[in-house]
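In what follows, a single structure is set out as structure tokens and then discussed.
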Amino acid sequence: MRIHFKTSYDHDIRLFPDLWSFGVYAALLVIAVILPWLMDDFFLGEVTNVLIWAIAGLGLMLLTGQTGQASLGHAAFLALGCYSCIIFMEQGWPFLIAFPVAGILTGVVGTIIAIPAIRLHGIYLAIATIALSILADDIIVLLDPITDGVSGKFAPMITIFGIEIERWTTPDRFYWLVLAITVLCTLAYRNLLRSPLGRAFAAVRDSEVSASAMGVHIARTKAAAFGLSCAITGLAGALMGFYAGAFNNETFSIVISITLLMMIVIGGLGSIHGAFFGAVVVAFLPQFLSMAKDLVGGSSVAIPGLETGVFGMILILFILFEPMGIYGRWMKIRIWFELFPFARKDMFKRQKSYLKTERLR
Amino acid sequence: MEVVQLLVSGLANGCVYGLIALGFVLIYKATEQVNFAQGDFMMLGAFVCLGLTNAHYMGLPFWLAAPLAVVIMAVLGYLLDFFVLRHLFGQSQTAVVILTIALGFVIRFVAGVIWGHEPQTLESPLAVGDFNLGGVVLGMADLAVIVVTVLLTLCLYQFFQRTRLGLAMQAASQNQMAAYFMGIPVKRVQGMIWGLSGAVAAVAGILFASKGAIEISSGLLGIKAFAAAVIGGFGSLPGALMGGLIVGVIEPFASYYFPAGYSQIAPYALLLLVLVFRPHGLFSQVRIKKV
Numbered sequence: 333m334r335i336h337f338k339t340s341y342d343h344d345i346r347l348f349p350d351l352w353s354f355g356v357y358a359a360l361l362v363i364a365v366i367l368p369w370l371m372d373d374f375f376l377g378e379v380t381n382v383l384i385w386a387i388a389g390l391g392l393m394l395l396t397g398q399t400g401q402a403s404l405g406h407a408a409f410l411a412l413g414c415y416s417c418i419i420f421m422e423q424g425w426p427f428l429i430a431f432p433v434a435g436i437l438t439g440v441v442g443t444i445i446a447i448p449a450i451r452l453h454g455i456y457l458a459i460a461t462i463a464l465s466i467l468a469d470d471i472i473v474l475l476d477p478i479t480d481g482v483s484g485k486f487a488p489m490i491t492i493f494g495i496e497i498e499r500w501t502t503p504d505r506f507y508w509l510v511l512a513i514t515v516l517c518t519l520a521y522r523n524l525l526r527s528p529l530g531r532a533f534a535a536v537r538d539s540e541v542s543a544s545a546m547g548v549h550i551a552r553t554k555a556a557a558f559g560l561s562c563a564i565t566g567l568a569g570a571l572m573g574f575y576a577g578a579f580n581n582e583t584f585s586i587v588i589s590i591t592l593l594m595m596i597v598i599g600g601l602g603s604i605h606g607a608f609f610g611a612v613v614v615a616f617l618p619q620f621l622s623m624a625k626d627l628v629g630g631s632s633v634a635i636p637g638l639e640t641g642v643f644g645m646i647l648i649l650f651i652l653f654e655p656m657g658i659y660g661r662w663m664k665i666r667i668w669f670e671l672f673p674f675a676r677k678d679m680f681k682r683q684k685s686y687l688k689t690e691r692l693r
Numbered sequence: 028m029e030v031v032q033l034l035v036s037g038l039a040n041g042c043v044y045g046l047i048a049l050g051f052v053l054i055y056k057a058t059e060q061v062n063f064a065q066g067d068f069m070m071l072g073a074f075v076c077l078g079l080t081n082a083h084y085m086g087l088p089f090w091l092a093a094p095l096a097v098v099i100m101a102v103l104g105y106l107l108d109f110f111v112l113r114h115l116f117g118q119s120q121t122a123v124v125i126l127t128i129a130l131g132f133v134i135r136f137v138a139g140v141i142w143g144h145e146p147q148t149l150e151s152p153l154a155v156g157d158f159n160l161g162g163v164v165l166g167m168a169d170l171a172v173i174v175v176t177v178l179l180t181l182c183l184y185q186f187f188q189r190t191r192l193g194l195a196m197q198a199a200s201q202n203q204m205a206a207y208f209m210g211i212p213v214k215r216v217q218g219m220i221w222g223l224s225g226a227v228a229a230v231a232g233i234l235f236a237s238k239g240a241i242e243i244s245s246g247l248l249g250i251k252a253f254a255a256a257v258i259g260g261f262g263s264l265p266g267a268l269m270g271g272l273i274v275g276v277i278e279p280f281a282s283y284y285f286p287a288g289y290s291q292i293a294p295y296a297l298l299l300l301v302l303v304f305r306p307h308g309l310f311s312q313v314r315i316k317k318v
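Residue numbers (the numbering used here), protein chains in the order written: chain A, 333 to 693; chain B, 28 to 318.
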């Protein structure tokens with residue numbers, strides 16, 4: 333068991349609580365960097381997919397896990413990031429400019445959309461964002477001259493300082509690119525949580541009333557959360573476009589939005605680890621299911637809806653038995669071992685609240 | 028004449044949306060939860076009735092099968108609450124939202140395994156023919172939908188306003204703790220409302236299936252019903268019906284007067300407009316929360 337003896341306020345907000353955890357993450361990073369030499373191209377592609385989903389998950393986690401605003405419309409922002417990045421590149425912009433600009437554009441659009449949306453909360457926000465996700469599909473079709481509508485677009489080659497990166501011909505370079513962006517996004521997220529803005533997010537999540545009593549500007553904080561969340565999601569969307577190679581209006585459907593939300597719930601709301609755990613589940617579930625089907629000896633006929641059905645089942649079990657997600661379970665196991673004979677069953681008991689309507693008062 | 032025809036066909040569609048929306052509103056009114064799987068409930072109800080009625084499944088007469096389907100769905104709704112939702116008691120609304128979305132996926136998968144993914148038609152005695160009232164064609168099924176919807180809305184409205192159980196349901200949603208103190212069995216009331224909403228979903232499903240073919244993905248109509256419930260204002264039964272009618276009527280008019288591609292957008296665009304300008308619907312019950 334490690335004991336943190338804090339001697340200054342900085343200890344509370346350090347990136348890593350101690351040398352050991354710094355060592356663990358450094359080792360993880362080293363393994364991630366040398367991964368292309370350890371794996372074949374197929375699994376490398378799958379790991380790349382996990383990382384891209386994790387970035388998207390970080391984006392939504394900032395909004396849902398950190399600020400407490402459930403969004404079912406983030407596929408719309410994935411689409412916006414993807415289309416804008418690739419359209420900029422078709423105009424001849426280099427990737428290193430087009431990619432961040434696409435993220436910023438998505439963030440700005442997200443903030444503008446957030447301004448009416450922040451008046452809504454809970455269920456109304458979820459419904460408004462569902463509508464947004466459905467509208468995005470139709471809008472892409474209507475903007476045919478720019479987006480090529482139903483026929484879709486193809487992702488161009490990425491060139492950074494003369495190095496050509498493409499998902500199929502150079503999967504290792506594409507993997508490193510995605511890894512670098514993942515690390516940057518994770519660091520940005522972690523640093524954001526240490527800043528006053530990140531604390532304001534958590535305050536808004538836990539209680540809007542007490543947050544405003546503490547001097548947090550609720551509307552501005554929510555808009556900032558929306559903007560930052562959309563920016564990260566937009567970056568993930570651009571990477572998804574490059575990963576898929578080709579995409580059209582149906583690539584970023586409402587199912588993607590829902591999957592994204594379910595992913596962070598399974599992973600564990602409100603934690604960076606949760607986004608990564610959830611991404612692993614989402615990305616490997618189809619492979620796992622097809623392997624399981626081979627093992628059982630079932631026919632190779634695809635069962636429609638199997639993936640989403642199993643995914644829904646997993647999610648229901650998680651919400652019923654482990655609302656804190658995979659990360660929550662991991663924390664419980666770890667603390668049980670750290671405290672070994674002293675861990676008690678009630679340590680993680682959540683306080684139940686009784687519901688009071690907000691309709692009538 | 029065209030306008031009247033569009034209006035009539037819109038009204039019949041709108042009633043189906045309104046019926047699904049009624050299911051949402053029932054649950055919301057009594058538990059403050061939102062059942063995102065209501066559309067899939069509707070689909071399931073339709074398929075249960077289809078499974079009982081159609082010749083190559085069970086082959087029961089329709090007038091026996093339809094009430095049976097309603098009862099089965101009511102029991103299913105109650106059991107769902109008993110085994111799943113009751114365990115979420117005291118958790119946030121968002122947890123319920125995510126849970127019911129997942130539930131929708133599971134229902135769609137199970138129904139797909141049982142009944143297949145091909146569109147099927149219910150052998151319904153309601154789908155017999157059309158009336159022709161001075162140039163306006165009105166299907167028998169459409170008429171049945173409109174009549175049943177209006178009756179059902181009136182009954183439920185009276186149920187919530189007049190009966191002890193209805194009042195208990197309202198009390199349970201407004202303040203759970205106080206309702207407990209008043210001797211209301213809050214959890215059982217919650218189970219009953221899920222059963223009731225399952226029954227309403229079955230009625231909606233049977234009527235929808237009488238109007239045309241039904242398939243597994245018909246459950247996605249639930250999203251339009253959402254738009255209806257929000258436009259009407261969550262928590263108001265007549266509002267839900269009204270919202271359903273508005274959405275239903277807007278659709279045919281939009282596809283008639285606007286170029287292709289814009290018509291699907293119309294209900295959602297209206298939904299966003301309502302949310303921006305009247306965030307709690309046209310028939311709002313919300314007051315600002317004071318501290």
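Beta carbons: idealized from backbone N, C-alpha and C, even for Gly.
{"Item": "Boundaries (first-last residue) of the beta strand (DSSP E) holding Leu160(B)", "Value": "157-160"}
{"Item": "Integer Cβ distance of Pro294(B) from Ala254(B), believed to fall under 8 angstroms", "Value": "5 angstroms"}
{"Item": "Distance CB(Ser245(B))-CB(Met28(B)) smaller than 8 angstroms", "Value": "no"}
{"Item": "Ala138(B) vs Phe74(B) beta-carbon contact at 8 angstroms", "Value": "yes"}
{"Item": "Residues that Leu165(B) bridges to, as DSSP identifies them", "Value": "Phe158(B)"}
{"Item": "Rounded C-alpha distance that separates Asp476(A) from Phe486(A)", "Value": "15 angstroms"}
{"Item": "Rounded C-alpha distance that separates Ser403(A) from Leu46(B)", "Value": "26 angstroms"}
{"Item": "Minimum length 4: unbroken alpha helix (DSSP H) runs contained in the stretch 423-501 of chain A", "Value": "427-449, 455-474, 476-479"}
{"Item": "CB-CB length for Gln217(B) against Asp108(B), believed under 8 angstroms", "Value": "6 angstroms"}
{"Item": "Interface residues of chain A facing Arg135(B) [CB-CB closer than 8 angstroms]", "Value": "Gly637, Thr640, Gly641"}
{"Item": "Close-in-space but distant-in-sequence residues of the same chain around Ala532(A) (CB under 6 angstroms, 5 per side omitted)", "Value": "Val548, Thr553"}
{"Item": "Candidates Leu33(B), Ala198(B), Lys251(B), Thr190(B): closest to Ala463(A) by CA position", "Value": "Lys251(B)"}
{"Item": "Met28(B): first and last residue of the uninterrupted alpha helix (DSSP H) it sits in", "Value": "Unbroken run through Met28(B): none, as it is neither H nor E."}
{"Item": "Contact list for Leu49(B) against chain A, beta-carbon separation under 9 angstroms", "Value": "Result: empty, since nearest Cβ-Cβ is about 17 angstroms, beyond 9 angstroms."}
{"Item": "Ranges of the alpha helix (DSSP H) found wholly within the stretch 135-214 of chain B, counting only runs of at least 4", "Value": "167-189, 191-201, 203-208"}
{"Item": "Buried or exposed by the 16-neighbour rule on C-beta atoms within 10 Å, applied to Arg526(A)", "Value": "exposed"}
{"Item": "Other residues of its chain near Val227(B): CB distance less than 8 angstroms, five sequence neighbours each side excluded", "Value": "Leu46, Leu49, Gly50, Leu53, Leu179, Leu183"}
{"Item": "Residue-level contact to chain C via CB, Gly644(A), 8 angstroms cutoff", "Value": "Absent here is chain C; the protein component of the structure consists of chains A and B."}
{"Item": "For Ala7(B), the nearest candidate out of Ile598(A), Leu383(A), Ser561(A) (CA to CA)", "Value": "Chain B is shown only over 28 to 318; residue 7(B) falls outside these bounds and no answer can be derived."}
{"Item": "Start and end residues, alpha helix (DSSP H) containing Met85(B)", "Value": "Taken as a continuous stretch (DSSP letters only), Met85(B) belongs to no alpha helix (DSSP H), as it is neither H nor E."}
{"Item": "Cβ neighbour criterion (16 or more within 10 Å) applied to Lys56(B)", "Value": "buried"}
{"Item": "Cutoff 8 angstroms: His114(B) Cβ touching any chain A Cβ", "Value": "yes"}
{"Item": "Beta carbon proximity, Met647(A) to chain B, threshold 8 angstroms", "Value": "The sequence shown places Leu at residue 647(A), not Met. Chain B, which has a Cβ nearer than 8 angstroms to the Cβ of Leu647(A), makes this yes."}
{"Item": "Rounded straight-line distance, which links the Cα of Glu498(A) to that of Ala283(A)", "Value": "There is no way to answer for residue 283(A), as the model of chain A reaches only from 333 to 693."}
{"Item": "Gln65(B) versus Gly249(B): straight-line alpha-carbon distance, rounded", "Value": "6 angstroms"}
{"Item": "Span of the alpha helix (DSSP H), counted from its first residue to its last, around Thr339(A)", "Value": "Premise fails: Thr339(A) is in no alpha helix (DSSP H) and is neither H nor E."}
{"Item": "At least 3 beta-carbon pairs within less than 8 angstroms: the stretch 431-439 of chain A vs the stretch 409-418 of chain A", "Value": "yes"}
{"Item": "Minimum Cβ-Cβ distance from Leu351(A) to chain B less than 8 angstroms", "Value": "no"}
{"Item": "Residue environment, Tyr284(B), which counts as buried when at least 16 other CB atoms sit within 10 Å", "Value": "exposed"}
{"Item": "Selection from Thr491(A), Trp500(A), Ile471(A), Ser465(A) that minimises the alpha carbon distance to Val592(A)", "Value": "One detail in the question is off: residue 592(A) reads as Leu in this sequence, not Val. Residue Ser465(A) is the option with its Cα nearest to Leu592(A)."}
{"Item": "Host alpha helix (DSSP H) of Ala255(B) (start-end)", "Value": "248-259"}
{"Item": "Rounded straight-line distance, which links the Cα of Leu268(B) to that of Ala168(B)", "Value": "18 angstroms"}
{"Item": "As assigned by DSSP and simplified to three states, the class of Ala578(A)", "Value": "strand"}
{"Item": "Complete runs of the alpha helix (DSSP H) confined to the stretch 623-667 of chain A [at least 4 residues]", "Value": "638-653"}
{"Item": "Chain A within 8 angstroms of Val274(B), Cβ atoms only", "Value": "no"}
{"Item": "Alpha helix (DSSP H) runs wholly inside the stretch 516-589 of chain A, at least 4 long, in chain order", "Value": "528-538, 540-545, 550-576"}
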